[in-house]
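Residue numbers (my numbering): 27 to 333.
Written out below as structure tokens is the structure these notes cover.
Here it is as structure tokens:
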């Protein structure tokens, strides 16, 4: 699970044409590019960029590297298919369009429109909400807290056993009974599986299914597999919706929990969510909220009770 508490995006109207023009350039170049030459020595790492560096001016107002970075982040979905070296130019082009058109909107008095002012007030509050969460919640989560929550989740899990099994799947009980007789006569399970199973994935692997846990196989198969001892096979064929199975258990083990690094971001999101909910409860308890619409009040109360 993941959460995004960042501020609302910049306006996205009118940017498509500029992006199309920029993105068309490399395509033409690629069609006529000469054969690849031997790779040149790697360029040295670029020096850190000063966010206050001015890259352009629009009607006398500076556009900085920080503005470029913000536009790349907020308009990222529109730049996703552009090569990295073109994203900066696309971002600057977008900033220029936005600032020029925003200035014209002000000249026309569009900022006085009631709907616009409502929308701007909401976006301003949303941005402040995101900033508070970023600074007071997400920004304060430590690796120690994430690790502690991971350990808590792992400790709370009930042990889960897994079985490593093979099977031979055939269409009739008579076929299955005949194969079991061959096994009782000492024939090799894997060889019989390769020769007889109708499961396409098992024809070259000796019917190997690997390890699986509860709920991963149909109930009849799972019950029979988990009841067998390691090294044993079913003396009676097991019927399922797929046909008749002869099952052999190769090994059993306790399911291993996911490694911390593999789920760290997921656990971090869980910690952030819980801290966010706690913060909301504290702020709402101290605030004065009155919902006058009865239907909405009932719905809001239900949402609050579920947190």
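We put the CB at the ideal spot given by N, CA and C, even for glycine.
Query: Counterpart residues of residue 224 in DSSP-defined beta bridges; Result: Its beta-bridge partners do not exist; DSSP assigns none.
Query: Spatial distance of residue 116 from residue 141 (CA atoms); Result: 30 Å
Query: C-beta atoms of residue 180 and residue 222 nearer than 8 Å; Result: no
Query: Alpha-carbon to alpha-carbon, residue 176 and residue 162; Result: 22 Å
Query: Residues of its chain near residue 266, where Cβ-Cβ distance is below 8 Å and the 5 sequence neighbours each way are ignored; Result: 244, 246, 247
Query: Candidates 206, 326, 240, 333, of which the one nearest residue 299 by Cα; Result: 333
Query: Contact set for residue 294: own chain, Cβ-Cβ below 7 Å, skip 5 residues either direction; Result: 167, 172
Query: Selection from 98, 191, 238, 261 that minimises the alpha carbon distance to residue 232; Result: 191
Query: Proximal residues to residue 78 (C-beta, below 8 Å), its chain only, five neighbours per side dropped; Result: 90, 91, 92
Query: Residues sharing a beta bridge with residue 279, DSSP; Result: 188
Query: Sequence ranges, beta strand (DSSP E) only - wholly within the region 125 to 196, length at least 3; Result: 187 to 196
Query: Neighbour-count burial assignment, residue 42, 16 or more Cβ in a 10 Å radius; Result: Here residue 42 scores only 38 on pLDDT, less than 50, and its place in the model should not be relied on; the value that follows carries that caveat. Exposed.
Query: According to DSSP, residues forming a beta bridge with residue 234; Result: 192
Query: Nonlocal neighbours in the same chain, by C-beta distance under 8 Å from residue 256, ignoring five residues either side; Result: 275, 276, 277, 278
Query: As assigned by DSSP and simplified to three states, the class of residue 198; Result: coil
Query: Residue interval of the beta strand (DSSP E) (run including residue 87); Result: 87 to 90
Query: Among 111, 84, 119, nearest to residue 97 - alpha-carbon criterion; Result: 119
Query: Reduced DSSP category for residue 307 - H, G, I as helix; E, B as strand; rest coil; Result: helix
Query: Residue burial classification, residue 148 (beta-carbon count within 10 angstroms, cutoff 16); Result: exposed
Query: Secondary structure of residue 216, DSSP reduced to three states; Result: helix
Query: Within 8 Å, strictly: CB atoms of residue 303 and residue 317; Result: no
Query: Boundaries of the beta strand (DSSP E) in which residue 82 is found, first to last residue; Result: 80 to 84
Query: Where the alpha helix (DSSP H) through residue 104 begins and ends; Result: 102 to 105
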